[in-house]
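Residue numbers (the numbering used here): 509 to 810. We put the beta carbon where it would ideally sit given N, CA and C, even for glycine. It should be emphasised that the depicted structure is a prediction, and the values quoted were computed from it without experimental measurement. Structure first, then comments.
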């Protein structure tokens, strides 16, 4: 009798847990400032698309016209003097969108949304971008409408910091503000992403003082996808291969190619503004991302 009671208790617990944290197919929006920012999330997106049967869309904020200075090697490919500022600014928006979509096809991206805000120059001045370069009202309204329509579970943004390109930080800030203005029951979880190495020990991040929605205070809510996970015959493959394939599509961005094999961990921060009731949902997602879905294959010695 005791064994039967224990059996039914375990069954009940299993179904209760399944109902609390169902293994749904995640819907993700990746919001980036520039086309080649997608590399930060590439392995995670690949796994979500193909292993979890999820749906991933891209939202690109700028038109990418500012990336002309390092286009030297791609000039022969595209037949244009892209390092000339006028020529680059005129042609790079279409070229870089095509590069983004070719990379996105590798990792299973479904839809692309383009806001065509000006990619004016490299700057660390967030206030400059938000006050005088982008149409902030348009961007936030578009994000709110898109999230309401598509009902995303997650939005990935680059982690806003004082030292990165202000376009990156501004994108994250506008996403956080747009999501915060939505009703609580329709808000997706917003995760701030960056890339680190396995031997990194400093994960310090507290957000930007002037932008309180970027606040992060719980170091236990850092999630990671390990690009160095091994799979395939004799465990000779890992997910850096996927990231390298994607980087290779951004041919107009010469220095981007130097990031091949850089970064072991795609690291995500759970901002304080997120609903704490969804922490377990996020933990479950990253546990599922650790699973190796590739079949084990053996070959004859000869």
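For residue 525 and residue 669, I'd like the C-alpha separation in whole angstroms. Only weak support is given to the placement of residue 525: the predicted model assigns it a pLDDT of 47, under 50, and the question is left unresolved by the model.
To the nearest angstrom, how far is it from the Cα of residue 535 to the Cα of residue 765? 29 Å
Given a cut-off of 9 Å, decide if residue 576 and residue 540 are closer than it, judged by their beta-carbon atoms. no
Taking C-beta to C-beta, are residue 819 and residue 631 nearer than 9 Å? Residue 819 is absent from the structure shown; the chain starts at 509 and stops at 810.
At least three beta-carbon pairs within less than 8 Å, the region 581-597 to the region 746-766: yes
If you draw a straight line from the C-alpha of residue 724 to the C-alpha of residue 683, how long is it? 15 Å
Please confirm whether residue 700 and residue 722 have their CB atoms less than 9 Å apart. yes
Under a three-way DSSP split, which group does residue 584 fall into? helix
Which residue's Cα is closest to the Cα of residue 650: 622, 629, 595? 622
Option in 612, 617, 792, 675 with minimal Cα separation from residue 828: Absent from the model: residue 828. The displayed extent of the chain is 509 to 810, so no value can be given.
Measure the CB-CB distance between residue 627 and residue 680 and report whether it falls below 9 Å. no
Output needed for residue 549: all residues of its chain with C-beta closer than 6 Å, excluding positions within five of it in sequence on either side, in chain order. 538, 664, 701
Beta-carbon spacing of residue 733, residue 551 below 9 Å: yes
For residue 655, count the other beta carbons within 10 Å of its own beta carbon; 16 or more makes it buried, fewer makes it exposed. Which is it? buried
Exposed or buried, residue 795, counting other C-beta atoms within 10 Å across all chains shown (16 or more means buried)? exposed
Starting from the N-terminal side, write out each stretch of the alpha helix (DSSP H) that is 4 residues or longer and does not extend beyond the region 661-730. 674-688
Might you give, ordered along the chain, the residues of its own chain that have their beta carbon closer than 7 Å to the beta carbon of residue 644, omitting 5 neighbours on each side? 638, 682
Nearest neighbour of residue 592, chosen from 602, 574, 608 [CA to CA]: 574
Quick one: what does DSSP say residue 539 is sitting in, helix, strand or coil? strand
Tell me the DSSP secondary structure of residue 775 in three-state form. strand
Status (buried if at least 16 other CB within 10 Å, exposed otherwise) for residue 776: buried
Among 609, 678, 772, 579, which one has its Cα closest to the Cα of residue 736? 772
Please report the straight-line C-alpha distance between residue 660 and residue 698, rounded to a whole angstrom. 10 Å
Would you check if the distance between the CB atom of residue 546 and the CB atom of residue 611 is smaller than 9 Å? yes
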